[in-house]
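Using our numbering, you'd call the opening residue of the sequence shown number 32 and step up by one each time.
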Amino acid sequence: MELVVGPRTKTTPFTERAVAAGMTKAMVYNHTVLPIGTDDPAAEYRALTEAAAIWDVGCERQVQIAGPDAHRLITYLCARDLRDLPVGVARYAPMCDHDGRLINDPMALRLEEATFWLSIADSDVLLWTRAVAGEGAFDVEVTEPDVWPLAIQGPLGEDVVAAALGDWVRGIGFFRFVRHVHDGIPLVVCRSGWSGQGGFELFLTDGTKGEQLWDLLWEAGEPFGLRVGAPTQPERIESFLLSFGGDTDPETDPDEAGIGRFVSLGDCDGDVPGHDFIGKEALLARRASGTQRRLVGLVVDGEPPAPLRSPQTVRSRDGSPVGTLRALTRSPRFGANLGLALLSPPWFEPGIELRVNLDDADRTATTTSLPFDLSRST
């Protein structure tokens, strides 16, 4: 099947370079082409976990909020309290609808006192933000700027970026960023990325400089074994990085998704008020109900399964449905089949033996807490 790109789907300033470097598979994410793999996924994994990988993640679109009410609006949009967010700092900041359902899990960056970016996962946050701003008469301008992230990830990722831009990048702290212009290439250099291996996201703020930036990093990375790649399913499951819309369904709330610690509800007894945000009262009610599901790990018996094309029903030993398997991979690190499943209470407790049908065969799946640690008892 050929991916046809038309007016509704953007390519990125890096697409052609990524294809030339060996990317052979792609999908559409945020109405943008996302390269997702080469013909050698094992080599991609080794580069990410042992050296460095370069990812075209221009699909990670930015929603820019600017104006006198920008800080007030982004604080209202995000379930994490951003009232004290300084300029030059990013925070992981889940967003909910009015019923407490997770609608995105962006990284929020404060570029200037009255300018913010939401670096979003795959949903139409631009439209949501414009609607909320309009209904609330916030004095802001909400746009999608000319910004294109390119990620360098892996244990040698810092060395690659330092070789390309200078040793000063080593002083950037986690979830901190610096504006920088290198040889005419305007960047926001942020220590972040969707892997557990560390690295940087370079937010290019002039799309015409995409190939120049790619070539600079590619040449700098050659001594460090830099390889083209993409966000890698085995590594992100091993590290447990949430895939919004993949690990979640349309009814999932942040607690169920395992990211409740990034939600600022204040003291639930009301002694310490949290900030006001969309979905707050609904989330408090959900927590009090005792009916929430939970995203947990599954260790699945047997040989490496075929790729999971759609969520699969997870059943108890007597055959009753108890949830859905949302993601599955063969883990090189653990030498086991690891899954992520949304399960109803009480089936999400560690150490429960369940069943899931894969490759037309019933398999045993044992629940475990996240992140995965198979050295301890489940």
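Ideal Cβ placement from N, Cα and C applies to all residues, glycine included.
Which residue from the options puts its Cα closest to that of residue i?
| i | options | result |
| --- | --- | --- |
| residue 143 | 286, 391 and 99 | 99 |
| residue 193 | 132, 168 and 222 | 222 |
| residue 89 | 95, 331 and 177 | 177 |
| residue 83 | 350, 186 and 325 | 186 |
| residue 234 | 138, 297, 81 and 256 | 138 |
| residue 107 | 71, 77, 159 and 61 | 159 |
| residue 73 | 36, 263, 37 and 39 | 263 |
| residue 117 | 102, 109, 130 and 127 | 102 |
| residue 390 | 334, 353 and 375 | 334 |
| residue 41 | 164, 61, 216 and 326 | 61 |
| residue 173 | 196, 152, 146 and 198 | 146 |
Below 9 Å between beta carbons: does that hold for residue i and residue j?
| i | j | result |
| --- | --- | --- |
| residue 214 | residue 243 | yes |
| residue 401 | residue 347 | no |
| residue 359 | residue 339 | yes |
| residue 306 | residue 113 | yes |
| residue 320 | residue 308 | no |
| residue 87 | residue 49 | yes |
| residue 324 | residue 75 | no |
| residue 134 | residue 154 | yes |
| residue 355 | residue 381 | no |
| residue 275 | residue 261 | no |
| residue 43 | residue 238 | yes |
| residue 206 | residue 337 | no |
| residue 219 | residue 140 | yes |
Have a look at the DSSP bridge pairing and note the partners of residue i.
| i | result |
| --- | --- |
| residue 184 | 84 and 230 |
| residue 135 | 126 |
| residue 208 | 221 |
| residue 143 | 146 |
| residue 41 | 63 |
| residue 260 | 86 |
| residue 426 | This structure cannot speak to residue 426, because the chain is shown only from 32 to 409. |
| residue 392 | 389 |
Give every residue of the same chain whose Cβ lies closer than 8 Å to the Cβ of residue i, excluding the five residues on either side of it in the sequence, and list them in chain order.
| i | result |
| --- | --- |
| residue 362 | 265, 268, 269, 368, 369 and 403 |
| residue 167 | 104 and 107 |
| residue 189 | 200, 201, 229, 230 and 231 |
| residue 57 | 34, 64, 65, 66 and 67 |
Suppose the cutoff is 7 Å on Cβ atoms and the five residues either side in sequence are ignored; what does the same chain contact list for residue i look like?
| i | result |
| --- | --- |
| residue 290 | 125, 136 and 273 |
| residue 300 | Confidence at residue 300 is low in this model, with a pLDDT of 48, below 50, so its placement is unreliable and the value that follows should be read with caution. Within the same chain, residue 300 has no close Cβ partners at all. |
| residue 47 | none |
Assuming residue i and residue j form a contact by the criterion Cβ under 8 Å, report the distance between their Cβ atoms to the nearest whole angstrom.
| i | j | result |
| --- | --- | --- |
| residue 357 | residue 372 | 6 Å |
| residue 283 | residue 111 | So it is not a contact: roughly 17 Å between Cβ atoms. |
| residue 209 | residue 251 | Wrong, their Cβ atoms sit about 18 Å apart, outside the cutoff. |
Under 6 Å Cβ to Cβ from residue i, same chain only, skipping five residues before and after it: list those, please.
| i | result |
| --- | --- |
| residue 91 | 150 and 180 |
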